[in-house]
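Residue numbers (full-length UniProt numbering): 1 to 439. Working notes for the structure below.
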């Protein structure tokens, strides 16, 4: 690239002097993505400045070039943050932050796909305050911070054919505010205690719900919640699984007692919002057991839900569908309740003698009702679900995908640079399957 070919978004020429100027961090990110070498970029910029063709002062150039080197070496990344409750998509901020450093039991990944879940925007909204996020900015991450110091104290190092003064680094435990937890990518490095992964491995991981960290180019995850991703499973398909897939698995196996190998007694199951993130996994997993599945969804998704294996599909927007009654008159032994706003009085007459409503998004009042019911011992129960993520269950789900027994329905894909659109779509609440973000 020659001359003004270097001038990219955020760069240009002074209208009076016609001299070039650059947003050097923008160049660094874009050149890195194009695969250009750091040496090539440094040569071009130093020649331009030396010839007096740039408006960039030398001291500013040194700092910016060091930042450029960090970016080119995968030490600075693009991430998305929010710093307070509320604001929705408009409150999301695109920032450059340091790449996180893995602890001894963690892997660091270059992310290929991230999946959004309702819990992400609900945390931003303040639904779980004061528990999550426990402080702002959102993610506590150990990283490096550049510190401005006098030129005389800087160490000179060689970069290509040019000397470059290197800014000192100061360790800090500042917070890097990044959202989302469900990711897939490639392992770049591992902590000293990690035994099962190495650089180059393709993986699916669930990040800490307290720490988040998914809406970025890189992330760290515990080895215990990281699993191998086979070639048969794409990054987008794998990223959809963790929260939604594990929630469906826990609701069916632990709360409803379904044996997914088909060895249990036949069970009648109702799955509400069956075309959503958790619901579409729940339908597929339930059919691995000895179950008769009735599912609810809107009219546009009826054929999709049937294709996932549901025995009966009810349009919840119709008067008959709103009653949740099985078209063939069955009573439900368990309801995997993935929707909101349906009262107990609607469920109760449709339950078998010991039927359960397993609520994956229980309000606080449901929690009180649950513990009251445990004291009064009613036959029919409301059971709230709190996800207990387990690596072995995540591995099981990924292996089901490899075998073709489970699939991720992808609603839409969005670039990280346009994550606001994905965030708004998740808030809208009518996604079919999973919303995927790609760095």
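Virtual Cβ for every residue (Gly too), placed ideally from N, Cα, C. Just so we're clear, the structure is a prediction, and the values are computed from it rather than from any experiment.
{"Query": "Rounded C-alpha distance that separates residue 117 from residue 333", "Result": "28 Å"}
{"Query": "Same chain, Cβ closer than 8 Å to residue 427, neighbours up to 5 away in sequence not counted", "Result": "88, 89 and 121"}
{"Query": "Residues of its chain near residue 295, where Cβ-Cβ distance is below 6 Å and the 5 sequence neighbours each way are ignored", "Result": "271, 274, 283, 305, 310 and 313"}
{"Query": "Burial state of residue 299 (16 or more Cβ within 10 Å)", "Result": "exposed"}
{"Query": "Residue 108 and residue 197 closer than 8 Å at C-beta", "Result": "no"}
{"Query": "Spatially closest choice to residue 199 from 95, 293, 188 and 382, by CA coordinates", "Result": "188"}
{"Query": "Segment limits, alpha helix (DSSP H) that includes residue 232", "Result": "Taken as a continuous stretch (DSSP letters only), residue 232 belongs to no alpha helix (DSSP H), as it is neither H nor E."}
{"Query": "Complete alpha helix (DSSP H) runs within the stretch 282–308 (minimum length 4 residues, chain order)", "Result": "302–307"}
{"Query": "Residue ranges of each beta strand (DSSP E) within the stretch 203–248, 3 or longer", "Result": "218–222 and 226–228"}
{"Query": "Residue 253 (DSSP reduced to helix, strand or coil)", "Result": "helix"}
{"Query": "Residues near residue 195 by beta carbon distance below 8 Å, same chain, minus five either side", "Result": "223"}
{"Query": "Extent of the continuous beta strand (DSSP E) to which residue 112 belongs", "Result": "106–116"}
{"Query": "Rounded C-alpha distance that separates residue 83 from residue 435", "Result": "23 Å"}
{"Query": "Three-state secondary structure assigned by DSSP to residue 346", "Result": "helix"}
{"Query": "Three-way DSSP call (helix, strand, coil) for residue 360 in this model", "Result": "coil"}
{"Query": "Distance CB(residue 190)-CB(residue 229) smaller than 8 Å", "Result": "no"}
{"Query": "Residue 225 classed as buried or exposed, judged by whether at least 16 other C-beta atoms fall within 10 angstroms", "Result": "buried"}
{"Query": "Which residues DSSP lists as bridging residue 316, in chain order", "Result": "According to DSSP, which records beta bridges pairwise, residue 316 is partnered with nothing at all."}
{"Query": "Cα-Cα separation between residue 220 and residue 98, rounded to whole angstroms", "Result": "12 Å"}
{"Query": "Exposure label - residue 267; buried when at least 16 CB within 10 Å", "Result": "buried"}
{"Query": "Where residue 287 falls, given that 16 or more other Cβ within 10 Å makes a residue buried", "Result": "buried"}
{"Query": "Counted within 10 angstroms of its Cβ, other Cβ atoms place residue 356 as buried (16 or more) or exposed", "Result": "buried"}
{"Query": "Cβ neighbours of residue 111 in the same chain (closer than 8 Å, five flanking residues each side left out)", "Result": "183, 184, 185, 214, 216, 217, 218, 219 and 439"}
{"Query": "Run of the alpha helix (DSSP H) containing residue 427, from where it starts to where it stops", "Result": "419–428"}
{"Query": "Rounded C-alpha distance that separates residue 237 from residue 277", "Result": "12 Å"}
{"Query": "Assigned secondary structure, residue 268 (DSSP; H/G/I helix, E/B strand, else coil)", "Result": "strand"}
{"Query": "Residue interval of the beta strand (DSSP E) (run including residue 402)", "Result": "First-last for residue 402: 391–402, but that is the alpha helix (DSSP H), not the beta strand (DSSP E)."}
{"Query": "Cα-Cα separation between residue 414 and residue 281, rounded to whole angstroms", "Result": "21 Å"}
{"Query": "Reference residue 235; option with closest CA among 420, 410 and 86", "Result": "410"}
{"Query": "Three-state secondary structure assigned by DSSP to residue 125", "Result": "helix"}
{"Query": "Same chain, Cβ closer than 6 Å to residue 93, neighbours up to 5 away in sequence not counted", "Result": "81"}
{"Query": "Counterpart residues of residue 187 in DSSP-defined beta bridges", "Result": "109"}
{"Query": "Own chain partners of residue 340 with C-beta closer than 7 Å, once the 5 adjacent residues on each side are dropped", "Result": "361"}
{"Query": "The beta strand (DSSP E) enclosing residue 93, as first and last residue numbers", "Result": "93–98"}
{"Query": "N-terminal and C-terminal residue of the beta strand (DSSP E) that residue 78 is part of", "Result": "76–81"}
{"Query": "Alpha-carbon spacing of residue 352 relative to residue 378, whole angstroms", "Result": "13 Å"}
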